[in-house]
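Data block below; observations after.
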Amino acid sequence: VLFRSGACGDVYVHGDYTQPLTIVSDHDIIIVANNGTSTPGITTNVDASGNPTGNSTLGLVAGDFVRVMHSANTNANAITIDAAILTLAHSFMVDNYGTGGGGQPNLTVHGAIAQRYRGIVGTTSGSGYIKDYHYDDRLHVILPPYLFDLSTAGWNIIRETLCMTTGNMSASTSCTYQGS
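Just so we're aligned: 179 in the working numbering is position 171 of the sequence shown, and the numbers increase by one with no gaps anywhere.
This is the structure in structure tokens:
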């Protein structure tokens, strides 16, 4: 994993990791996406299906945002993030999600995302990314170091919306609100 600190408590991160790690930022964590590497984002060892394996887990905890860096003038590349993501005050999102061209690649997350507000990663007009989110079952038993157990931390579901698409993203979507 390569990371450096930025202005105002920001942390920039990308690369591969093979040891358990938790990265905490007072402000934002920015995942460097289009940095010329063969696997943009931040990844660990995976099986033949691309699912994370082994005991290496990553926690990304930001006081504000966990952001995927995306330049307004650059076509997006597919990105993979293998991490448990927690934003304390804001969202997990993509910078400049409404810009760029050349198709809409996947933003694949193997892990978990806990955020105060739902962040935008792409648009239905074809810019940004298509969400490809998968819960990492290893997080049931192997937490990133120093990351508290989200399942027993006193969190409550306040609202849950279940959405199911009937085909691709341009097709109709059926959503049912569940909660109080």
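Glycine residues also receive a C-beta, built at the ideal position from the N, C-alpha and C atoms.
Nothing here was measured: the structure is a model prediction, and the numbers come from that model.
| Check | Outcome |
| --- | --- |
| Alpha carbon to alpha carbon, what distance is there between Val32 and Thr26? | 18 Å |
| Are Ala70 and Ile37 closer than 9 Å when you measure CB to CB? | yes |
| Pull up the distance between the alpha-carbon of Thr132 and that of Leu115, whole angstroms please. | 15 Å |
| In angstroms with no decimal places, state the Cα-to-Cα distance between Tyr105 and Ser79. | 9 Å |
| Only counting the same chain, and skipping five residues up and downstream in sequence, which positions put a Cβ closer than 7 Å to that of His118? | Asn59, Pro60, Asp90, His142 and Asp144 |
| Look up His148 in the DSSP assignment and give the residues it is bridged to. | According to DSSP, His148 bridges with nothing at all. |
| Indicate the three-state DSSP secondary structure (helix, strand or coil) for Gly23 in the structure shown. | strand |
| Residue range of the beta strand (DSSP E) that Ile39 falls in? | Ile37 to Val40 |
| How would you label Ser195, buried or exposed, when you count the other beta carbons within 10 angstroms and need 16 or more for buried? | Residue 195 is absent from the structure shown; the chain starts at 9 and stops at 188. |
| Could you compute how far the alpha carbon of Asn63 sits from the alpha carbon of Thr51? | 13 Å |
| If you run the structure through DSSP and keep just helix, strand and coil, what is Ala179? | Because the pLDDT of Ala179 is 48, which lies under 50, any placement of that residue in the model is unreliable, and the number read from its coordinates should be weighed accordingly. DSSP places Ala179 in coil when its eight states are reduced to three. |
| I need the boundaries of the beta strand (DSSP E) containing Ala70, first residue and last residue. | Leu66 to Ala70 |
| So what's Gly17 in DSSP terms, helix, strand or just coil? | helix |
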